[in-house]
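Chemist: Line by line, the protein sequences give chains A and B. Note that my numbering has the first sequence beginning at 344, numbered continuously upward. Note that my numbering has the second sequence beginning at 344, numbered continuously upward. C-beta atoms are modelled at their ideal positions from N, C-alpha and C, and glycine is treated no differently.
2 protein chains.
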Amino acid sequence: MDEFETIARLFAPLSRGEPGAFGLTDDAAALAPAPGCDFVLTKDAIVAGVHFFADDPPEAVAAKLMRVNLSDLAAKGARPRACLLAAGFSPAAGPAWVEGFAAGLAADVAAFGLTLIGGDTVSTSGPAWFSLTAIGEVPTGTMIRRAGARAGDLVCVSGTIGDAALYVAGRLKGRAVGDLSAFEGRYRLPTPRLDLGASLRGLAHACCDISDGLVADLGHLCEQSGLAAVVEAGRVPLSAAAAAAVAADPGLIETVLTGGDDYELVFALAPEDLAKLAGQGGTAIGRFEQGQGVRAIDPAGSPLTLGRGGWRHDVGGPDPKSGVVGS
Amino acid sequence: MDEFETIARLFAPLSRGEPGAFGLTDDAAALAPAPGCDFVLTKDAIVAGVHFFADDPPEAVAAKLMRVNLSDLAAKGARPRACLLAAGFSPAAGPAWVEGFAAGLAADVAAFGLTLIGGDTVSTSGPAWFSLTAIGEVPTGTMIRRAGARAGDLVCVSGTIGDAALYVAGRLKGRAVGDLSAFEGRYRLPTPRLDLGASLRGLAHACCDISDGLVADLGHLCEQSGLAAVVEAGRVPLSAAAAAAVAADPGLIETVLTGGDDYELVFALAPEDLAKLAGQGGTAIGRFEQGQGVRAIDPAGSPLTLGRGGWRHDVGGPDPKSGVVGS
Numbered sequence: 344m345d346e347f348e349t350i351a352r353l354f355a356p357l358s359r360g361e362p363g364a365f366g367l368t369d370d371a372a373a374l375a376p377a378p379g380c381d382f383v384l385t386k387d388a389i390v391a392g393v394h395f396f397a398d399d400p401p402e403a404v405a406a407k408l409m410r411v412n413l414s415d416l417a418a419k420g421a422r423p424r425a426c427l428l429a430a431g432f433s434p435a436a437g438p439a440w441v442e443g444f445a446a447g448l449a450a451d452v453a454a455f456g457l458t459l460i461g462g463d464t465v466s467t468s469g470p471a472w473f474s475l476t477a478i479g480e481v482p483t484g485t486m487i488r489r490a491g492a493r494a495g496d497l498v499c500v501s502g503t504i505g506d507a508a509l510y511v512a513g514r515l516k517g518r519a520v521g522d523l524s525a526f527e528g529r530y531r532l533p534t535p536r537l538d539l540g541a542s543l544r545g546l547a548h549a550c551c552d553i554s555d556g557l558v559a560d561l562g563h564l565c566e567q568s569g570l571a572a573v574v575e576a577g578r579v580p581l582s583a584a585a586a587a588a589v590a591a592d593p594g595l596i597e598t599v600l601t602g603g604d605d606y607e608l609v610f611a612l613a614p615e616d617l618a619k620l621a622g623q624g625g626t627a628i629g630r631f632e633q634g635q636g637v638r639a640i641d642p643a644g645s646p647l648t649l650g651r652g653g654w655r656h657d658v659g660g661p662d663p664k665s666g667v668v669g670s
Numbered sequence: 344m345d346e347f348e349t350i351a352r353l354f355a356p357l358s359r360g361e362p363g364a365f366g367l368t369d370d371a372a373a374l375a376p377a378p379g380c381d382f383v384l385t386k387d388a389i390v391a392g393v394h395f396f397a398d399d400p401p402e403a404v405a406a407k408l409m410r411v412n413l414s415d416l417a418a419k420g421a422r423p424r425a426c427l428l429a430a431g432f433s434p435a436a437g438p439a440w441v442e443g444f445a446a447g448l449a450a451d452v453a454a455f456g457l458t459l460i461g462g463d464t465v466s467t468s469g470p471a472w473f474s475l476t477a478i479g480e481v482p483t484g485t486m487i488r489r490a491g492a493r494a495g496d497l498v499c500v501s502g503t504i505g506d507a508a509l510y511v512a513g514r515l516k517g518r519a520v521g522d523l524s525a526f527e528g529r530y531r532l533p534t535p536r537l538d539l540g541a542s543l544r545g546l547a548h549a550c551c552d553i554s555d556g557l558v559a560d561l562g563h564l565c566e567q568s569g570l571a572a573v574v575e576a577g578r579v580p581l582s583a584a585a586a587a588a589v590a591a592d593p594g595l596i597e598t599v600l601t602g603g604d605d606y607e608l609v610f611a612l613a614p615e616d617l618a619k620l621a622g623q624g625g626t627a628i629g630r631f632e633q634g635q636g637v638r639a640i641d642p643a644g645s646p647l648t649l650g651r652g653g654w655r656h657d658v659g660g661p662d663p664k665s666g667v668v669g670s
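1) On the DSSP bridge list, what partners appear for T464/A?
2) Cα separation between V390/B and V579/A?
3) Looking at D415/B and D555/B, is the spacing between their C-beta atoms short of 8 Å?
4) Within the same chain, show all residues whose beta-carbon is closer than 8 Å to that of C565/B, passing over the 5 residues directly before and after it, in chain order.
5) Against chain A, which members of the region 544 to 570 of chain B pass a CB distance test of less than 7 Å?
6) Thinking C-alpha only, which one of L374/A, A355/A and L581/A is nearest G366/A?
7) In the region 589 to 632 of chain B, which residue ranges form an unbroken alpha helix (DSSP H) of at least 4 residues, counting only runs that do not cross its ends?
8) Verify the CB distance criterion: does G461/A have a CB-CB separation below 8 Å to chain B?
9) So if I threshold CB-CB distances at 8 Å, which residues from the region 366 to 381 of chain B count as touching chain A?
10) Go to A572/B, then tell me how far its beta strand (DSSP E) extends in each direction, as first and last residue.
11) Give every residue of the same chain whose Cβ lies closer than 8 Å to the Cβ of D560/B, excluding the five residues on either side of it in the sequence, and list them in chain order.
12) Label L595/A either buried or exposed according to how many other C-beta atoms from any shown protein chain fall within 10 Å of its C-beta, with 16 as the threshold for buried.
13) Can you check whether the C-beta of K619/A is within less than 8 Å of a C-beta belonging to chain B?
14) Is the separation between the beta-carbon of T476/B and that of L457/A shorter than 8 Å?
15) Would you be able to state if there are at least three C-beta pairs under 8 Å between the region 614 to 630 of chain A and the region 531 to 544 of chain A?
16) Figure out for me which residue from A375/A, A417/A and L532/A has the closest Cα to the Cα of T483/B.
17) Taking Cβ to Cβ, would you say A429/A is nearer than 8 Å to K386/B?
18) Helix or strand or just coil, what does DSSP make of L361/B?
19) List the residues of chain A that P470/B touches, going by C-beta distances under 7 Å, in chain order.
20) Less than 8 Å between CB atoms is the rule here; does R424/B satisfy it with respect to chain A?
21) Identify, in the order they occur along the chain, each residue of the same chain with its Cβ nearer than 8 Å to the Cβ of V668/A, setting aside the five sequence neighbours on each side.
22) Tell me the rounded alpha-carbon separation between A446/B and V452/B.
23) What does the alpha-carbon distance come out to for the pair G577/B and D641/B?
24) Is it the case that the region 454 to 474 of chain A contacts the region 513 to 531 of chain A, given that we only count it when at least three CB pairs across the two stretches are under 8 Å?
25) Please report the straight-line C-alpha distance between T464/A and P593/A, rounded to a whole angstrom.
26) Go to D387/B, then tell me how far its beta strand (DSSP E) extends in each direction, as first and last residue.
27) Taking Cβ positions, are L557/B and L612/B nearer each other than 8 Å?
28) Can you name the residues of chain B whose CB is closer than 8 Å to the CB of V500/A?
29) Beta carbon of V383/A, beta carbon of A449/B: below 8 Å?
30) Verify the CB distance criterion: does D605/B have a CB-CB separation below 8 Å to chain A?
31) Using 8 Å as the Cβ pair cut-off and three pairs as the minimum, do the region 390 to 399 of chain A and the region 435 to 444 of chain B touch?
32) Excluding the 5 residues preceding and the 5 following V589/A in the sequence, name in chain order all residues of the same chain whose CB lies nearer than 7 Å to its CB.
33) Output needed in chain order: residues of the region 391 to 419 of chain A with a Cβ under 8 Å from some Cβ in chain B.
34) Name the chain A residues that come within less than 9 Å of L489/B, Cβ to Cβ?
35) Taking C499/B as the reference, give the member of A351/B, V404/B, D616/B and P646/B with the closest Cα.
36) Indicate the three-state DSSP secondary structure (helix, strand or coil) for D552/B in the structure shown.
And the structure:
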């Protein structure tokens with residue numbers, strides 16, 4: 344199957360519903376935001392051996408690609424509208440792999456209500472790689488920024504924190520974290536918090552998603568907002584499996600706080616606005632304050648030492664130097 | 344230099360002039376077309392050993408990435424506005440390579456009047472790869488399509504045809520084409536025909552750029568327009584060097600007509616409109632007619648046999664199987 348057949352058979356159906364995609368038969372798409380709206384645009388790439396395991400099923404790779412990008416839209420309060428794909432397939436994986444990838448993309452395009460409007464497929468003799476440009480919409484001027492948190496704002500997070508990092512720590516570093524299968528789904532198939540993100544428009548003062556780790560991404564909010572933040576480790580929401588792992592090995596709290604790949608949201612909220620999020624999954628875990636940097640304290644108020652503030656995506660490729668420049 | 348330093352020092356300056364890029368300090372950009380305009384969006388990727396030579400200077404790789412995408416915008420009649428970059432750098436190439444790449448991108452961003460509004464940088468143990476999402480603007484509803492050519496329209500092209508293909512044939516296949524240096528620049532540094540493309544809005548009935556070869560890309564116009572086309576080979580405009588090469592080896596006309604990488608425009612024009620393009624570089628080389636497919640005739644009117652109607656980008660990577668799925 345050559346590129347034109349691949350596009351016509353596997354990818355063109357994903358453009359249905361967007362007239363400006365021209366069924367992927369043209370050089371480009373023509374698109375404008377809905378009246379009174381801005382486009383919100385983001386582009387993240389994933390590489391085999393760095394951001395996903397080379398033996399991951401193609402459907403899961405496509406879903407991860409889609410979701411890490413939709414997570415950025417969620418953090419900005421945007422609703423997904425369209426996407427463009429660049430795919431560097433490994434010919435060794437064969438046409439079934441491409442079909443599986445397209446099926447995974449099709450499922451998420453349908454699930455999240457967007458369309459594929461263009462892109463490019465090539466092959467590479469190196470690790471497979473994929474880049475997605477995701478396009479969302481917000482009412483004009485309402486994109487939630489990283490900048491804008493205020494001293495006294497609550498630090499809030501969606502969902503639970505740390506499962507993806509515990510999976511990586513257990514699978515790659517042999518840390519005892521309990522049953523790996525309890526964490527695997529969170530690593531492989533992140534859930535972009537699109538509904539919560541849309542609710543945060545006009546409410547949260549700042550927001551980003553947690554891809555590099557809670558401490559690092561909260562650090563981005565602090566840096567862009569010119570503030571510091573303190574996190575009460577005991578208030579960070581954990582899944583039952585993560586709570587059990589940390590109870591058995593308290594040192595794992597560092598993995599929870601600094602590990603990446605959660606794709607939850609971290610945001611700044613005025614204390615009086617917390618009640619407005621009732622039932623939508625926001626948990627207050629700390630405060631923004633004057634200063635710089637992120638610190639964490641234990642339930643007794645003592646500072647927690649975090650070995651590193653960031654996180655590098657690396658699932659253990661064949662060459663350690665192939666580790667990521669960025670994420 | 345980690346990803347954040349790379350972005351802040353090398354790439355953030357390329358976002359100047361676009362407030363919605365937020366200086367590349369946020370998860371996403373917020374952008375709307377100018378009032379009364381659509382965005383035109385395209386995304387092409389290039390891979391070392393397939394679309395460029397691994398030892399090409401990084402500035403030239405960045406320029407090629409930018410220009411193959413801007414060529415798509417030109418073909419659609421769009422003016423460049425913004426772009427997003429995904430870069431899979433080879434760590435072995437070192438930081439100077441990244442700096443050179445950023446410098447090449449900066450030069451073209453300035454030359455073509457657009458901004459960089461987002462993206463992602465990663466590293467890969469395989470061949471370096473780059474994907475650009477280019478965003479242009481056209482007055483609402485005026486994007487020039489591949490569909491729309493009419494029987495009786497002239498087949499027109501911009502510039503001259505075949506130099507890039509003659510360079511590849513000479514460098515990789517050892518064909519005698521004369522002085523390779525006469526062709527090299529056209530291969531390495533395509534010129535997107537943005538002014539001509541903008542002039543074609545409301546005038547050309549259909550247009551695309553010539554990346555896969557004149558015959559193949561004209562074939563795309565025919566297919567989408569439901570027509571056939573005949574090309575008079577003797578009227579195809581050639582550079583002096585290409586004309587000399589074809590005079591010395593008439594068989595090279597096949598390379599000229601089917602080779603890729605010219606990044607000129609091929610378009611459909613009513614005969615009475617040709618004069619309106621005076622001085623802008625359009626040359627009539629044939630006609631659209633009822634039927635299917637593209638055929639070429641020599642100056643005596645005899646059919647030319649073309650060994651293949653298409654072109655596959657392949658600059659001779661280490662593994663023949665790494666040749667392209669698509670372009």
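Modeler: If we stick to the structure as given:
1) Its beta-bridge partners are A430/A.
2) Taking the straight line joining both Cα atoms gives about 43 Å.
3) No, these two residues do not count as a Cβ contact at 8 Å.
4) For C565/B, where only same-chain residues beyond five positions count, the Cβ hits under 8 Å are A492, A571, A572, F631, Q635, G636 and V637.
5) Of all residues in the region 544 to 570 of chain B, C551, D552 and Q567 have a Cβ within less than 7 Å of some Cβ in chain A.
6) Ranking L374/A, A355/A and L581/A by Cα distance to G366/A puts A355/A first.
7) Taken in chain order, the complete alpha helix (DSSP H) segments of 4 or more residues contained in the region 589 to 632 of chain B are 595 to 601.
8) At a cut-off of 8 Å, the C-beta of G461/A has a neighbouring C-beta in chain B.
9) So the list reads T368, D369, D370, A371, A372, A373, L374, A375, P376, C380 and D381, given in the order they occur along the chain.
10) That run of the beta strand (DSSP E) goes A571 to E575.
11) Excluding sequence positions up to five before and after D560/B, its CB lies within less than 8 Å of the CB of C551, D552, I553, S554 and V609, all in the same chain and listed in chain order.
12) Buried, by the Cβ-count rule.
13) Closer than 8 Å to the CB of K619/A there is not a single CB belonging to chain B.
14) Judged by their CB atoms, T476/B and L457/A are not nearer to each other than the 8 Å cut-off.
15) Between the region 531 to 544 of chain A and the region 614 to 630 of chain A, the count of C-beta pairs closer than 8 Å reaches three or more; the two stretches touch.
16) Put simply, of A375/A, A417/A and L532/A the residue whose alpha carbon is nearest the alpha carbon of T483/B is A375/A.
17) Yes, the Cβ-Cβ distance between A429/A and K386/B is below 8 Å.
18) Sequence inspection shows Glu at residue 361/B; the Leu mentioned does not correspond to that position. In the structure shown, E361/B sits in coil (DSSP, three-state: anything other than H, G, I, E or B).
19) Residues of chain A whose Cβ lies closer than 7 Å to the Cβ of P470/B are, in chain order, T467, S468 and G469.
20) Taking Cβ atoms only, chain A never reaches closer than 8 Å to R424/B, which makes this a no.
21) Residue confidence is low: V668/A scores 25 on pLDDT, short of 50, so the model does not pin down where it sits. No coordinate-derived value is stated.
22) C-alpha separation (whole angstroms): 10 Å.
23) Cα-Cα distance, rounded: 6 Å.
24) In this structure the region 513 to 531 of chain A does not lie against the region 454 to 474 of chain A, because fewer than three pairs of beta carbons, one per stretch, are closer than 8 Å.
25) When rounded, the distance between both Cα atoms is 46 Å.
26) Here the beta strand (DSSP E) through D387/B covers C380 to V390.
27) Against a cut-off of 8 Å, the Cβ pair of L612/B and L557/B comes out as no contact.
28) Here the premise fails: no neighbours, minimum Cβ distance about 16 Å.
29) Contact flag unset, no.
30) Interface flag for D605/B against chain A is unset, since no Cβ pair is found closer than 8 Å.
31) Proximity of the region 390 to 399 of chain A to the region 435 to 444 of chain B falls short of the contact definition, fewer than three beta-carbon pairs being nearer than 8 Å.
32) Cβ contact annotation for V589/A (same chain, cutoff 7 Å, sequence separation greater than five): L581, L595, I596 and V599, in chain order.
33) Listed by position along the chain: G392, V393, H394, D415, L416, A418 and K419.
34) In the sequence as displayed, the identity of residue 489/B is Arg instead of Leu. Here the neighbours are F365, T368, D369 and D370.
35) Answer by Cα proximity: D616/B.
36) Here D552/B sits in strand by DSSP.
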